[in-house]
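All remarks here apply to the structure that follows.
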Amino acid sequence: MKYLMWLLNAAIFFVLFAFALNNQAPVTLHLFFGASWQAPLILVLLCVLLLGVVLGVLVMLPLWLRARKQRRPAPTIAAPLPTVPDAVGTPTAPAHGS
């Protein structure tokens, strides 16, 4: 199983590497207020992917923290043990036959 995962990771790496080599053409992003940014297409795609991952984590963070807080066991308070009445003052039943 370990070798299969290594092989799968290597295949994914080589596919992404080939994708990066095939997308080196410069692209121009036209930003706000007339600003523009020229960069290779793969760099733009990786930046957008990273931005999406960061935004996804930020959106999910409150839900993860709330779920983690609910999973924690509540602190238990030791309840006092019930008291047993003393046997000194209890009446005894008369013996049979007397």
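Per our numbering, residue 2 is the first one in the sequence shown, and the count goes up by one each step. We put the CB at the ideal spot given by N, CA and C, even for glycine.
Contact between the segment 52-72 and the segment 28-36 (3+ Cβ pairs under 8 Å): no
Under 9 Å between C-beta atoms of residue 42 and residue 27: yes
Beta-carbon gap between residue 39 and residue 51 smaller than 9 Å: no
When 20, 16 and 67 are compared against residue 46, the one with the closest alpha-carbon: 20
DSSP three-state assignment for residue 25, whether helix, strand or coil: coil
Extent of the continuous alpha helix (DSSP H) run through residue 36: Segment: none, residue 36 is in no alpha helix (DSSP H) and carries neither H nor E.
Sequence-distant residues of its chain with Cβ nearer than 8 Å to residue 22 (five each side left out): none
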